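Novice: Its first residue numbered 35, the sequence shown is counted upward by one per residue in this note's numbering.
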Amino acid sequence: MSVTSPAGFEAAGVAAGIKASGDLDLALVVNRGPRQDAAVVFTGNRAQANPILWSKQVAADGQVAAVVLNSGGANCFTGAEGFQTTHATAEAVAMALDVSAGDVLVCSTGLIGEQLPRERLVAGVATAAAALSVDGGLDAARAIMTTDTVPKTSARSRDGWTIGGIAKGAGMLAPGLATMLVVITTDAELESGELDAALRAATRVSFDRLDSDGCMSTNDQVSLLASGASGIRPDPELFTEALTEVCTDLAVQLQADAEGASHDIAILVEHAETEDDAVEVGRSVARNNLFKAAVFGNDPNWGRVLAAIGTTSAPFDPYAVDVTMNGVRVCSNGAPDRPRDEVDLTPRAVSLVIDLKAGDASAMIWTNDLTHDYVHENSAYAS
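(1) Does the segment 66-75 come within contact of the segment 182-195, defined as at least 3 CB pairs closer than 8 angstroms?
(2) Could you compute how far the alpha carbon of T237 sits from the alpha carbon of K326?
(3) I need the straight-line Cα distance from G316 to V357, nearest angstrom please.
(4) Got a sec? Which residues, its chain only, sit under 7 angstroms from T322 by beta carbon, not counting five neighbours each side?
(5) With DSSP collapsed to three states, give me the class of K186.
(6) Assuming Q255 is part of the beta strand (DSSP E), what are its boundary residues?
(7) Apart from the five residues on each side of it in sequence, which residues of its chain come closer than 8 angstroms, Cβ to Cβ, to V355?
(8) Name the DSSP beta bridge partners of K202, please?
(9) I think F43 touches N79, with their Cβ atoms under 8 angstroms apart; what is that distance to the nearest whole Å?
(10) From L211 to Q149, what does the alpha carbon distance come to, in whole angstroms?
(11) If F117 sits next to L87, beta carbons under 8 angstroms apart, how far is it from one beta carbon to the other, in whole angstroms?
(12) So what does R338 bridge to, in DSSP terms?
(13) Check whether the Cβ of E148 sits closer than 7 angstroms to any heavy atom of the ligand GDP, and report yes or no.
(14) How about T405 and I299: are their beta carbons less than 8 angstroms apart?
(15) Which residues in the same chain have their Cβ closer than 8 angstroms to the Cβ of G393, if we skip the five residues on either side of it in sequence?
(16) From the DSSP output, which residues share a beta bridge with N65?
Right under this line is the structure:
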């Protein structure tokens, strides 16, 4: 269940010596065809790492032969030397696979402002190319981990075609994709424009709804590669549905592994005037440190929910809102309903439903609580 689940793909994960720990730190995913259609979405951060600048050029024509990813260094704010390292990495992949460097996406994750060891990267590419296998997807998923504690993989199959994916990310999880590197593959036969439309539709309601800590990364990249090896052309709508399932599965796995978190909070905003309004309201709660700290303390402080949503521009009457926490409606029409001590917040999973009573639109936002461990981890790990 990974990027090598669809036909036409091989992958590898190796230790190139980038991480001082000696752990796997370089991954390679290769599309063997017969087609090499692709689509990519990138971080919304204006501060973008060298691999993003390179990969945007590669993705422009919708053709991608391979993706090379490293952990252990973001290669961001590293100047011309850093861009040359990205270029050299792509050239090494091109040489090893006999493809064009202009068809090789490059992804990096780790510490900002430090040069990557170019010679080790180039040597690691050769090692990874020699290790490519249809069973290499899990090693590739492990090789892109930073503060992640577990690899993230997913796959879905339909009528003769399959979608598979790997992801990394445990911190800086906010819209603009989160601090994630994601590679998704499919053996369906679709052109790059169709892949782009499907990917944007899927990320809009999955990765872009993950708002763990309100921080946006410089290196986010979600790539979708299609080999066409199944020989089957699916209905684009059905493909988008399956792709959304894979993206949502990976997003929830990222949420569950968020740095230091002790609660996974699903915020459903319903009966908003528009979907954008629902997203704005949900995100206002997901980024409210008072609410997130209360959940960490197992305190169903619903007043902090109303205070947070009152800062938005979404049209609704604050004195008509209902709030339900883990199945208990604690607020009805902007006033107390059931006693808050009926809410059990000891389980890791927390459900928050906010009924705006302003329309028919809804949206789900995923976040986490704010914990001592989160502060400790982000003070001990430079990012």
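Cβ atoms here follow ideal geometry from the backbone N, Cα and C, with glycine treated the same way. These numbers were taken from a predicted model, which means no experiment stands behind them.
Specialist: In terms of the structure at hand:
(1) Because the criterion of three Cβ pairs below 8 angstroms is not met, the segment 66-75 and the segment 182-195 do not touch.
(2) Rounded to whole angstroms, T237 to K326 spans 24 angstroms at the Cα level.
(3) Whole-angstrom Cα-Cα distance: 12 angstroms.
(4) In the sequence under discussion, the amino acid at residue 322 is Asn, which differs from the Thr named in the question. If we look at N322 and ignore the five residues flanking it on each side, its Cβ neighbours are R338 and A342.
(5) Strand.
(6) Unbroken beta strand (DSSP E) run through Q255: Q255 to A260.
(7) Result list for V355: L340, I343, C365, N367, G368, I388, D389, L390 and K391, in chain order.
(8) According to DSSP, which records beta bridges pairwise, K202 is partnered with L215.
(9) Contact between F43 and N79 does not hold, since the beta-carbon distance rounds to 29 angstroms and is not under 8 angstroms.
(10) Residue confidence is low: L211 scores 43 on pLDDT, short of 50, so the model does not pin down where it sits. Its coordinate-derived value is still stated next. Taking the straight line from one Cα to the other gives about 24 angstroms.
(11) A Cβ-Cβ separation of about 7 angstroms places F117 in contact with L87 under the 8 angstroms criterion.
(12) The secondary-structure analysis by DSSP pairs R338 with nothing; it has no beta-bridge partner.
(13) No copy of the ligand GDP occurs in the structure displayed, which carries no ligand at all.
(14) Going by beta carbons, T405 and I299 fall outside the 8 angstroms limit.
(15) Once the five neighbours on either side are set aside, the close Cβ partners of G393 are H305, A306, E307, T308 and D311.
(16) Answer is F43.
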